[in-house]
Each structure stands twice: as structure tokens, then as C-alpha cells.
Amino acid sequence: IPKLVAAKLLQPINQAYVPNLKRNIWPELVDPWYDKGSRYSVPYTVYTTGIGWRADLVDEDIGARDNPYDVLWDPAYAGKVGIYDDYREAMSMVLVKNNLDVNTSKTKDINFVRNELIEMAEKVNVRTTIDGAYLGIPEQRFAVHQAWSGDLAGAPYYMPDKEYGDPDGVLRYWAPPDAVVGSDTIVIPSGAKNPVLAHHFLNYMLDNKHSLKNFSWLLYQPPLKTISPPKLVSDGYILPNLRSTIVEKNNFNRGATYTALPPAVDAKYQDAWADFKSGVGK
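74 is the number of the first residue of the sequence shown in this note's numbering; add one for each residue after it.
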């Protein structure tokens, strides 16, 4: 969002046209860290970043490990491990695993992450994907994959027909209390031909009824005040074995959040990621 604003590609939001923002959305995301005062965006969905797996391919409770992230380096799962093809998400996973700042600018930390990722590639022949969590795990291409909560919540829809809906409850998701948390957003381009109508669309998407209907298909959770985590299971939105994919408001008080990196620091991240990608499986 800061880059788009600096490039004058977004127009400010007139909140008088979007009353559902303050009426229905968690206060933490009415005034979010990435867009103070919601001047240029409204929240669409929220998520945590953790680990997804199939219990029928992984003979352990990954979340019970002293450090569950270690499973991504475990040779026992070689050839069946995946992480997101996203440099900030993949590198932040290593930072969270080692109790380091996900926005660190320290060269030693960035080099440490690079070396950890290269070690992962050597130990488990890790593959980088975008669809590995919500599609690759159901298809058994992966036993374990770095995962956004919404990807695992929606994974039952990609199970084979004979397992549609995960009747055997094999899908699992874990994220630490201080997991990376994020918010996808909706914005209005500066060149929008119908800006007032665009504002009404934003307000429509922040309406409780319409937002929940969208959630029932997308399964990335909207940050609605009216959502009760237990009811998301009892009402059938989320399967009981995937209760851990539900995001709670407190996640935004204790979780790690991304901030924009200065260009020189971002270049170091990109170089470290390139070093890793040059030897990783696709």
C-alpha cells in the first residue's frame, strides 16, 4: 500500500461512504499498522502463517514438537516438503522459528536465513509453490507445507471425490501464538471511473451478511466483530480438525506483522532468496 500510494495509484477512501468499516470490523484493522486510519484501504480477509500437513502421511503431531518448524528440515519427509514461493513469507518463517524480528535489517540475520533455507533444500529437497498448501496437500504431493490458515481451511474442497470434505479428518494446521498475521485488503485505483460506486462496493463487502457469504466460499476469514470462533465450526464453515485455522482478534495483538523494508534492505532479502532459489526444486 505505501508503494501504491507513493506512485499515486490509489485514491483516498471517503469513510462517510463506508460506515460498515467502523460498524462491523475489528478495531485493530479499522486503524491498521499498514494503513493508519484506513486512508487508502479496507480489510478483506485475515490469516495466520503456519504449517499444514496430512495426518495419514505424517506419523506425529507436528504441533507437539518443541519447535514444530523443525519438521521442515526433517529428512524423514524428504521430497514431501514445500514452502511458499514468496520471499517474505519463506524468510520470515525462518526468522519466527529462531525468535528473530521478521522485519530485521541486520545483514547477519539475513545471511542466517539464507543459510537455513539452503540447508532445508539440502536436507529435504524442498519445493517452492503457491498452491502446495490448499491443493498439493490434498493431492498428496506434499506431506507437509508452509501454510496460510485460509489455504488449509479451504483444502477440504480440493480433496479427491472419495474423500470430499475430509471425512477422515486427515488435514491439520498449526501456527504459533506469535505467528505472522496479515490482512488482505481492497483499494480503489486512482483512475476508477465510478469511485462512488466503488465505495458502495467496499461497504457491501464489509456487511456482515455478505462478508460471511463470501467467506463460505473463499474460507479466508473476514475480521468481523460478529464472528464467534466456536460457531464457525458448529455452523459448518470450518471443519473440527481445522479449528486452528480460525483467526482471532488477539492474533493481531501478539503476532508478527510485516512492515515495508527500506530498498537497500529489501535488496539484501532478494539476493538471499535468489541464492536459495538457484538450488531449490520446483
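Every residue gets a Cβ at the ideal spot worked out from N, C-alpha and C, and that includes glycine.
Within this structure, are the beta carbons of residue 117 and residue 259 separated by less than 8 Å?
Walking along the sequence shown from the start, residue 117 turns up at place 44. Walking along the sequence shown from the start, residue 259 turns up at place 186. Yes, Cβ-Cβ distance for residue 117 and residue 259 is below 8 Å.
How many whole angstroms separate the CB atoms of residue 84 and residue 261, which I take to be in contact at a CB cut-off of 8 Å?
For the purposes of this step, residue 84 is taken as residue 11 along the sequence shown, with counting starting at 1. For the purposes of this step, residue 261 is taken as residue 188 along the sequence shown, with counting starting at 1. Sure, about 5 Å apart at Cβ, within 8 Å.
Could you give the first and the last residue of the continuous beta strand (DSSP E) run that contains residue 258?
Residue numbering aside, residue 258 sits at position 185 when the sequence shown is read from its first letter. That run of the beta strand (DSSP E) goes 254-259.
Relative to the C-alpha of residue 254, which residue among 222, 232 and 241 is closest?
Here residue 254 corresponds to residue number 181 of the sequence shown, with the count starting at 1. Selected option, being the one with the closest Cα: 222.
Count the other C-beta atoms from every protein chain shown that fall within 10 angstroms of the C-beta of residue 294, then say buried if there are 16 or more, exposed otherwise.
Your numbering for residue 294 matches position 221 in the sequence shown. Residue 294 should be labelled buried.
Going by beta-carbon coordinates alone, are residue 257 and residue 329 separated by less than 8 Å?
If you number the sequence shown from 1, residue 257 lands on position 184. If you number the sequence shown from 1, residue 329 lands on position 256. Result no, Cβ atoms of residue 257 and residue 329 do not sit closer than 8 Å.
Where does residue 292 fall in DSSP's three states?
One-based indexing of the sequence shown puts residue 292 at position 219. In the structure shown, residue 292 sits in coil (DSSP, three-state: anything other than H, G, I, E or B).
Within 10 Å of its beta-carbon, does residue 205 have 16 or more other beta-carbons around it, so buried, or fewer, so exposed?
Walking along the sequence shown from the start, residue 205 turns up at place 132. Burial call: buried.
Would you report the Cα separation of residue 214 and residue 153, rounded to the nearest angstrom?
To locate residue 214, count along the sequence shown from 1; it is residue 141. To locate residue 153, count along the sequence shown from 1; it is residue 80. Whole-angstrom Cα-Cα distance: 7 Å.
Which of the three DSSP states, helix, strand or coil, is assigned to residue 200?
Looking up residue 200 in the sequence shown gives position 127. Strand at residue 200.
To the nearest angstrom, how far is it from the Cα of residue 308 to the Cα of residue 202?
For the purposes of this step, residue 308 is taken as the residue at position 235 of the sequence shown. For the purposes of this step, residue 202 is taken as the residue at position 129 of the sequence shown. Going by the C-alpha atoms only, they are around 32 Å apart.
My output table needs one value for residue 106: the three-state DSSP class, helix, strand or coil.
To locate residue 106, count along the sequence shown from 1; it is residue 33. Residue 106 falls in the coil class under three-state DSSP.
Are there 16 or more other CB atoms within 10 angstroms of the CB of residue 284, so buried, or fewer, so exposed?
Reading the sequence shown from its first residue, position 211 is the one you call residue 284. Buried: at least 16 other Cβ atoms inside 10 Å.
Residue 331 by DSSP, collapsed to three states: which one?
As a position in the sequence shown, residue 331 is number 258, starting the count at 1. Three-state DSSP puts residue 331 in coil, outside helix and strand.
For residue 148, which residues in the same chain have their Cβ closer than 7 Å to its Cβ, ignoring the five residues on either side in sequence?
If you number the sequence shown from 1, residue 148 lands on position 75. Same-chain partners within the cutoff: 196 and 197.
My assumption, with CB atoms under 8 Å, is that residue 90 sits in contact with residue 269. Please give the rounded CB distance.
The residue you call residue 90 lines up with position 17 of the sequence shown. The residue you call residue 269 lines up with position 196 of the sequence shown. 7 Å between Cβ atoms; contact.
Measuring CA to CA, which of 338, 209, 317 and 146 is closest to residue 176?
In the sequence shown, residue 176 corresponds to position 103, counting from 1. The shortest Cα separation from residue 176 among 338, 209, 317 and 146 belongs to 338.
Using the Cα positions of residue 99 and residue 315, report the straight-line distance between them to the nearest angstrom.
Translated into the one-based positions of the sequence shown, residue 99 becomes position 26. Translated into the one-based positions of the sequence shown, residue 315 becomes position 242. For residue 99 and residue 315, the distance between alpha carbons rounds to 22 Å.
Assigned secondary structure, residue 116 (DSSP; H/G/I helix, E/B strand, else coil):
For the purposes of this step, residue 116 is identified with residue 43 of the sequence shown, where counting begins at 1. In this structure, residue 116 counts as strand in the three-state DSSP scheme.
Considering only their Cβ atoms, is the gap separating residue 187 from residue 345 smaller than 8 Å?
For the purposes of this step, residue 345 is taken as residue 272 along the sequence shown, with counting starting at 1. For the purposes of this step, residue 187 is taken as residue 114 along the sequence shown, with counting starting at 1. Against a cut-off of 8 Å, the Cβ pair of residue 187 and residue 345 comes out as a contact.
Using C-beta distances below 8 Å, list every residue in its chain close to residue 355, excluding the 5 sequence neighbours before and after it, in chain order.
Within the sequence shown, numbered from 1, the residue matching residue 355 stands at position 282. For residue 355, the predicted model reports a pLDDT of 47, less than 50, meaning its position is unreliable and no value from the coordinates is stated.
Run through DSSP, which three-state label would residue 146 get?
Reading the sequence shown from its first residue, position 73 is the one you call residue 146. DSSP places residue 146 in helix when its eight states are reduced to three.
Using only CA atoms, which one of 122, 93 and 78 lies nearest to residue 331?
For the purposes of this step, residue 331 is taken as the residue at position 258 of the sequence shown. For residue 331, the nearest C-alpha among the options comes from 122.
Assuming residue 217 contacts residue 150 (C-beta within less than 8 Å), just tell me the rounded distance between them.
Within the sequence shown, numbered from 1, the residue matching residue 217 stands at position 144. Within the sequence shown, numbered from 1, the residue matching residue 150 stands at position 77. Sure, about 5 Å apart at Cβ, within 8 Å.
Under 6 Å Cβ to Cβ from residue 350, same chain only, skipping five residues before and after it: list those, please.
Taking the sequence shown and counting its residues from 1, the one referred to as residue 350 is at position 277. Excluding positions up to five away in sequence, the list is empty.
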